[in-house]
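In what follows, a single structure is set out as structure tokens and then discussed.
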Amino acid sequence: GIDAGMQTIGPAYEEFVRASNSMVFDLQLQVRRQQEQLICAKKAQEELKTNLDLANK
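Printed below as a string of structure tokens:
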């Protein structure tokens, strides 16, 4: 009984796991991109501050 049930659940479950892993991977990529953008923004901010400091001297 249990075996028969597992055989029908198996493929659907595997598909679910695959879809979940894919979503997690996409989210990780998005987070990484946002972190990179944040780093770039911070660098730009520091450069701007440096330029302002130099201009004010």
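Here the sequence shown is numbered in the working numbering, starting from 1 and rising by one per residue. Beta carbons: idealized from backbone N, C-alpha and C, even for Gly. Small disclaimer: the values here were computed from a predicted structure and weren't measured.
Alpha carbon of residue i to alpha carbon of residue j, nearest angstrom
i	j	result
Q45	N56	16 angstroms
N51	L38	20 angstroms
Q34	F25	14 angstroms
I9	A19	15 angstroms
E15	A41	39 angstroms
K49	Q30	28 angstroms
Proximal residues to residue i (C-beta, below 6 angstroms), its chain only, five neighbours per side dropped
i	result
Q28	none
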